[in-house]
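Going by UniProt numbering, the first residue of the sequence shown is number 1, and it counts up by one from there. Since the structure comes first, as structure tokens, the remarks are kept for the end.
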Amino acid sequence: MRISSTQYHATMNQALQNANARLEHVMKQMASGQRYLLPSDNPVANVRLSRMVREEATLTQYRDNIAALKTRLTQNETTLGSTVKDMLDARDLMVWAADGANASEDLQAMSSSLAALRDSLFYTANTKDQEGRSLFSGTLTNAPTITDNGAGASPRYQFTGNTARQAVVVGEGITQAANVSLDEMDDLLNQLDTAANTLSVPGVSANNPATRAVVAATLQSLDDTLSSVNGKIAGLGGAQNILDTLDSNHGSVSVANQQSMITLGQLDYGEAATRLSAYSTALQATQKSYSKVSGLSLFDLI
């Protein structure tokens, strides 16, 4: 069978182009580190890789949310712990004030300390984060948790937030509240204000029934609020434990995904280097053969 020169050159050019394409493909694989450069290289594997990439991005977002949420919950817990300390100090004062042996001057001294604790609780309840948002106002983060309407107002202290949850997505179909509300604090502040005013009256008697009633009511308010706030602190601790577990689970899934992505999509450089060498050798051989055959001429035989 005779092959024309034109057909021979076309065939050899096509062979060289194919060899160059294979060589270029391997070099691109080695440059990117990926086994598949185009979806068409392996459609099934590409679908699996795309799904794992999306899942990995989602897991990363969940873990970022968890990290930010844990910081917020820790801040809430620390701040609430400060209110507990102030309330315990106020309770000690009220227990002392209930002692009928106290002189008027003793009660008036307690009044000053009680007013200072009242103010400390007020400012702590209105704590804001680094972005200026109220911690304990529910979803009304631009509003103060407690508003002071001024001495003589009834009521003086008023809760101006709400009790709605700031839900943060931390898993598939899982949310966790980022906040707690101090809606019980206004009643306590009003009761502490009443107690401070009562104990500051000149000549106040520890044995006066009205005085004892105010002290008893303040003790009850402190106990109720302490119980409520301590319950919220316990809830924050439990939430952080849950978040730790979720984060660990997300991390395990992420490691498994990354390993699968490596197995499925990452290039085996040893195998690629072998192919690169083989393709390069084949290309060089083809080029030499083409060059040698192209140089043949019948005139060389004359």
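Think of the CB as a built atom: it goes at the ideal place given N, C-alpha and C, for glycine as much as any other residue.
>> Could you pull the DSSP bridge partners for Ile146 from this structure?
In response: Phe159
> Which runs of the alpha helix (DSSP H), 4 residues or longer, sit entirely within the segment 183-224?
Replying inline: 185-199
> Which one or two residues does DSSP pair with Gly171 in a beta bridge?
Replying inline: Ile174
> Which whole-angstrom value describes the C-beta separation of Thr163 and Leu192, a residue pair presumed to lie in contact below a C-beta threshold of 8 Å?
Replying inline: Their Cβ separation, rounded to whole angstroms, is 22 Å, which puts Thr163 and Leu192 out of contact at 8 Å.
>> Short of 7 Å in beta carbon distance, which residues of its chain neighbour Met1, apart from the five on each side in sequence? Order them along the chain.
In response: Its pLDDT being 49, under 50, Met1 is placed unreliably by the model, and the measurement read from it follows with that caveat. For Met1, where only same-chain residues beyond five positions count, there are no Cβ hits under 7 Å.
>> In the DSSP assignment, the alpha helix (DSSP H) including Gln75 goes from what residue to what residue?
In response: 43-97
>> According to DSSP, is Ser181 part of a helix, a strand, or is it coil?
In response: coil
> How is the alpha helix (DSSP H) around Leu135 delimited, first residue to last?
Replying inline: Here Leu135 belongs to no alpha helix (DSSP H), and DSSP marks it neither H nor E.
> According to DSSP, what are the bridge partners of Lys128?
Replying inline: Ser134
> DSSP on Gln166, reduced to helix/strand/coil?
Replying inline: coil
>> Between which residues of its own chain and Asn142 is the CB-CB distance below 8 Å, once the five residues before and five after are set aside?
In response: Arg133, Ser134
>> Quick check: what's the CA-CA separation for Val255 versus Arg72?
In response: 27 Å
>> Judging by CA-CA distance, which residue of Leu199, Ser104, Glu184, Ala97 is the nearest neighbour of Leu121?
In response: Closest option to Leu121, Cα to Cα, is Glu184.
>> Please report the straight-line C-alpha distance between Val47 and Ala57, rounded to a whole angstrom.
In response: 16 Å
>> If I measure Cβ to Cβ from Ala196 and keep anything under 7 Å in the same chain, skipping five residues before and after, which residues do I get?
In response: Ser111, Leu114, Ala115, Arg118
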